[in-house]
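Input: a single structure, listed below in structure tokens.
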Amino acid sequence: MSTPHPVIGVLRAGMLLGLGWVVAAVVAWQAFGMLWALLLLFVWLILQRFFHRAVQHLGTAVAASARRDAPRPPHEETPR
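This is the structure:
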């Protein structure tokens, strides 16, 4: 069995991060009230923005790596 691509691991971590914060907000709402739940959701949104930016940078790096490693036609190769 082959190992999954690193992007898959990042996406799985993001999904778990998102579900955990929503559950924490629901528990906070029941235990402490709506203000704490909104605070947790606000923090969750900020973390999601950072996560989204990290996934974008990772995707750009993977695409650049794939372009760099792709074979080139003979007329585009640089002479050594």
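Under the numbering used here, the first residue of the sequence shown is numbered 39, with each subsequent residue one higher.
All residues carry an ideal CB built from backbone N, CA and C; glycine is no exception.
Computed from a predicted model, the values in this text were never measured in an experiment.
Exercise. To the nearest angstrom, report how far apart I46 and A102 are at their CA atoms.
Key: 18 angstroms
Exercise. Write down the C-beta distance between V60 and V93 rounded to the nearest angstrom, noting that I regard them as a contact closer than 8 angstroms.
Key: Actually they do not touch by this definition, with Cβ atoms about 19 angstroms apart.
Quiz prompt | Exposed unless 16 or more other CB atoms sit within 10 angstroms - verdict on A69 | solution = exposed
Quiz item: Apart from the five residues just before and just after P44, which ones in its own chain have a Cβ nearer than 7 angstroms to its Cβ?
Solution: none
Quiz item: What residues in its chain sit with their C-beta under 7 angstroms from that of G71, if we drop five residues either side in the sequence?
Solution: none
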